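Residue numbers (the working numbering), protein chains in the order written: chain A, 47 to 237; chain B, 3 to 283.
Right under this line is the structure:
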């Protein structure tokens with residue numbers, strides 16, 4: 047397997063711009079979970095001037111964990127579909143957000159904002175939630191506890207396995223990756 | 003009449019939902035192993051390896067495979083000679099789901115009002131329940147813990163007979179192409195052809211409950227399943243959508259009679275976890 051690059055959070059702009067799509071990353075440090083409901087509140091809070099989180103240099107993980115079983119730091123915690131966060135994302139990038147972890151396609155606006163503001167979009171393996179939970183060393187709810195699984199949690203992760211999906215230079219693995227493997231299947235091969 | 007206490011239904015569903023959330027099905031595990039052996043993309047093989055390791059951790063530690071523990075969808079086939087006793091059947095079904103998601107440390111993902119409040123019900127109920135009355139005195143319960151990431155990439159088309167098999171294949175392949183990386187490929191694709199506006203999607207969902215490697219009994223549809231699978235895998239989406247030769251593990255078609263003026267086609271997409279199970283009482 048290709049070498050994985052070890053990276054620590056938070057990111058400054060040059061770090062955020064250093065990633066290239068297709069790179070495999072092992073991320074360590076603090077990341078914050080946030081899904082749809084938390085995004086809606088974060089944007090309202092930013093516009094109202096009272097944001098519970100300083101987003102500068104931070105990385106958001108689009109995830110809502112399952113409950114932790116006894117003896118576990120956190121329940122299984124894989125990525126949710128990122129596209130639902132697109133309507134809120136540019137506002138968060140303006141506030142200094144440097145990275146996002148999720149799965150799935152982003153809007154053209156979000157992809158071009160990665161270049162405008164200096165940020166990166168990572169993919170975590172969708173559905174590998176039990177595996178990903180093993181990389182989480184601590185978990186603490188820091189905002190919107192009433193949202194249950196959608197509350198914002200501060201996670202400390204070690205060697206969290208990621209792939210750079212979209213970078214600040216316009217690279218997009220979801221567009222480029224499939225092109226390399228696209229073939230022409232015959233229509234009605236046995237007719 | 004054969005009397006069945008509804009508490010048995012609750013107990014069976016509790017066990018079913020915990021099991022399907024923590025234990026990958028043997029046919030799905032086999033399909034992932036085979037995909038890993040055949041996948042041409044290095045990154046794709048790494049993703050498949052992650053999924054196989056994930057399944058083994060979940061099984062060993064009895065924790066969910068995925069944080070999205072799904073919406074509980076239940077198909078009850080009830081023999082007409084059965085009398086349920088001991089309370090409300092529907093309440094018992096929801097009680098089984100409530101206990102599974104509470105005691106099994108499964109994530110509760112149901113919001114009661116879909117548009118305005120979106121408040122979490124706190125116990126993953128209400129479940130979605132379909133009841134079919136059949137001859138006999140048995141009860142068959144089939145269930146799936148359906149994740150929403152893949153459900154969101156599903157589609158319905160009210161097609162015309164003139165669209166023919168080519169039109170159906172094109173619609174299914176295009177639905178998968180548009181979904182791209184979102185539904186957590188490699189996916190399983192359920193296709194419902196026929197019925198009407200509400201039953202074609204039900205057929206597609208039932209198609210997801212079939213074991214993998216169980217082609218349609220009518221060879222013409224079996225061939226269509228193979229053709230759809232080949233064309234879907236030729237899209238190159240690959241594991242996690244990073245590019246590769248494994249986009250779907252299987253395509254299953256279910257059919258039903260329809261009206262002379264129509265040909266509804268529904269595509270229900272399921273992620274690689276493909277959690278379902280069945281029990282008979």
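We treat Cβ as the ideally placed atom computed from N, Cα and C, and that holds for glycine. Everything numeric in this text was worked out from a predicted model, so none of it was measured.
With contacts defined as CB atoms closer than 7 angstroms, residue 258 of chain B and residue 196 of chain B qualify as a contacting pair. Shown here, residue 21 of chain B sits in a helix according to DSSP, grouped into three states. In this structure the region 158-166 of chain A does not lie against the region 115-130 of chain A, because fewer than three pairs of beta carbons, one per stretch, are closer than 8 angstroms. Distance from the CA of residue 68 of chain B to the CA of residue 273 of chain B, rounded to the nearest whole angstrom, comes to 10 angstroms. The beta carbon of residue 102 of chain B is closer than 6 angstroms to those of 16, 19 and 20 in its chain, skipping five residues each way along the sequence.
Note on residue 235 of chain B: 16 or more other CB atoms within 10 angstroms of its CB, so buried under the neighbour-count rule. Residue 213 of chain A sits buried, since 16 or more C-beta atoms from the chains shown fall within 10 Å of its C-beta.
Residue 229 of chain A sits exposed, since fewer than 16 C-beta atoms from the chains shown fall within 10 Å of its C-beta. For residue 268 of chain B, the enclosing beta strand (DSSP E) starts and ends at 265-272. Under the three-state reduction of DSSP output, residue 223 of chain B falls in the helix class. In this structure, the CA atom of residue 174 of chain B is about 10 angstroms from the CA atom of residue 231 of chain B. A contact between stretches requires three or more CB pairs, one per stretch, nearer than 8 angstroms, and the region 238-247 of chain B meets this requirement with the region 30-46 of chain B. Contact between the region 110-120 of chain A and the region 56-66 of chain A is absent, with fewer than three C-beta pairs closer than 8 angstroms.
Straight-line measurement puts the Cα of residue 68 of chain A at about 14 angstroms from the Cα of residue 183 of chain B. Around the beta carbon of residue 95 of chain A, fewer than 16 other beta carbons lie within 10 angstroms, which makes this residue exposed. The region 127-141 of chain B makes contact with the region 78-89 of chain B; the number of CB pairs closer than 8 angstroms reaches 3 or more.
A Cβ-Cβ separation of about 23 angstroms leaves residue 126 of chain B out of contact with residue 177 of chain A under the 8 angstroms criterion. Neighbours of residue 89 of chain A in chain B, taken as residues whose beta carbon is under 7 angstroms from its own, are absent, since the nearest beta carbon is some 16 angstroms off. Around residue 97 of chain B, the same chain offers 12 as residues with beta carbons nearer than 7 angstroms, after the five sequence neighbours per side are excluded. Excluding residues up to 5 positions away in sequence, 74, 181 and 183 lie with their Cβ nearer than 7 angstroms to the Cβ of residue 204 of chain A in the same chain. Under DSSP, residue 5 of chain B shares a beta bridge with B:85. Here residue 89 of chain B has 8 as same chain residues with Cβ atoms under 6 angstroms from its own Cβ, once five neighbours each way along the sequence are excluded.
Contact note: residue 106 of chain A does not reach chain B at a C-beta cutoff of 9 angstroms; the least C-beta distance is about 16 angstroms. The straight-line gap separating the alpha-carbon atoms of residue 281 of chain B and residue 14 of chain B is approximately 7 angstroms.
For the pair residue 283 of chain B and residue 100 of chain A, the Cα-to-Cα distance works out to about 55 angstroms.
For residue 59 of chain B, the enclosing alpha helix (DSSP H) starts and ends at 44-63.
Assignment of residue 85 of chain A by DSSP, reduced to helix, strand and coil, places it in the helix class. Three or more beta-carbon pairs separated by less than 8 angstroms link the region 190-210 of chain B to the region 155-165 of chain B, which places the two stretches in contact. For residue 233 of chain B, the number of other beta carbons within 10 angstroms of its own is at least 16, and it is reported as buried.
Annotation: residue 187 of chain B to residue 250 of chain B spans about 7 angstroms, alpha carbon to alpha carbon. Any Cβ of chain B closer than 7 angstroms to the Cβ of residue 151 of chain A would place that residue at the interface, and such an atom is present.
Within chain B, the residues placing a beta-carbon under 8 angstroms from that of residue 228 of chain A are 236, 237 and 238, ordered along the chain. Contact between residue 137 of chain A and residue 92 of chain A holds: CB atoms are separated by about 6 angstroms, below the 8 angstroms threshold. Taking 9 angstroms as the cut-off between beta carbons, the residues of the region 202-220 of chain A near chain B are 207, 209, 211, 219 and 220, in sequence order. With 16 or more other Cβ atoms inside 10 Å of its own Cβ, residue 171 of chain A counts as buried.
DSSP, reduced to helix, strand and coil, places residue 67 of chain B outside both helices and strands of the structure shown, so it counts as coil.
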